[in-house]
Amino acid sequence: MTTKYATLTLTGDPDGDGTQETATFRFGGDLQVTPRLRTGYIAGGGQGQVNSIVANLIDPGDSQNQQFFLDAGAGAMALEIQFRGWEGSKDSNGAPLEWGDTGDPDQLTATDATGADPVSQICCLVEYLRTGTVDSRNPATFEWGEWATDGLYEPIDVVLEGPEMTRAAEDGSWFDGTLTLIDAADVRAAYDAVANDSR
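Residue numbers (the numbering used here): 172 to 370.
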């Protein structure tokens with residue numbers, strides 16, 4: 172089933188109680204998701220002279236203006252997310268867009284700002300980012316489109332790059348957000364695979 176709304180799940184300790192809470196942030200308003208691949212060629216691009224020499228050795232008859240590329244898998248998939256949040260935000264079925272660990276729009280807490288005013292929503296997400304560690308040891312999980320629990324593909328483990336949120340200057344009733352999510356391997360899964368290898 173294609174997921175219309177984007178969901179980011181991550182951990183942090185915004186209430187400072189020493190326990191990591193798991194929060195879900197659902198992005199819905201003016202949502203734009205742009206997947207792209209960052210290439211990671213170990214030869215190509217700026218290695219003009221090296222490419223020319225290698226290409227000459229392989230086939231002297233080819234043009235000197237062709238590039239020689241070798242992909243060692245050093246690139247990464249990135250997803251650029253743009254969204255809008257607002258007080259009392261709901262999905263098309265009338266359910267509140269969850270913004271924290273409870274999804275309760277009737278109670279604003281240090282760990283959940285579902286349905287709250289834009290400043291509270293911004294602060295809640297930022298506190299999760301400030302108090303949590305999102306990396307390959309503890310990646311966040313992203314779901315959208317067919318990358319979903321009930322979609323064609325598994326949800327994506329990601330790290331965050333350059334999160335930015337701006338409250339509207341006119342009336343302050345909404346805010347715009349931008350996130351770049353980088354596809355990340357989970358180090359714990361890799362360690363478990365090595366530890367359980369019977370060879």
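Backbone N, C-alpha and C define an ideal beta-carbon position, used for all residues, glycine too.
Query	Result
E332 vs T304 beta-carbon contact at 8 Å	no
Alpha-carbon spacing of D306 relative to A356, whole angstroms	9 Å
Distance, F198 Cα to R371 Cα	For residue 371 there is no data in the structure shown, the boundaries of the chain being 172 and 370.
Which residues DSSP lists as bridging V204, in chain order	I252
Per DSSP, cross-strand counterpart(s) of L179	F196, F313
V290 versus T210: straight-line alpha-carbon distance, rounded	37 Å
Cβ-based burial, E325 [other Cβ within 10 Å; buried from 16]	exposed
Assigned exposure category for A311 - 16 Cβ within 10 Å defines buried	buried
Buried/exposed call for S260, threshold 16 Cβ in 10 Å	buried
Of the residues R255, G265, A177, L202, the one placed nearest I293, counting alpha carbons only	R255
Contact belief for T182 with N309 at Cβ below 8 Å, rounded distance in angstroms	7 Å
Whole alpha helix (DSSP H) elements within the segment 272-332, 4-residue minimum	289-302
Beta-bridge pairing of T349 - partner residues as DSSP gives them	Q253, E335
Exposed unless 16 or more other CB atoms sit within 10 angstroms - verdict on S195	In the sequence as displayed, the identity of residue 195 is Thr instead of Ser. With 16 or more other Cβ atoms within 10 Å, it is buried.
CA-to-CA distance, G246 to W270, given in whole angstroms	31 Å
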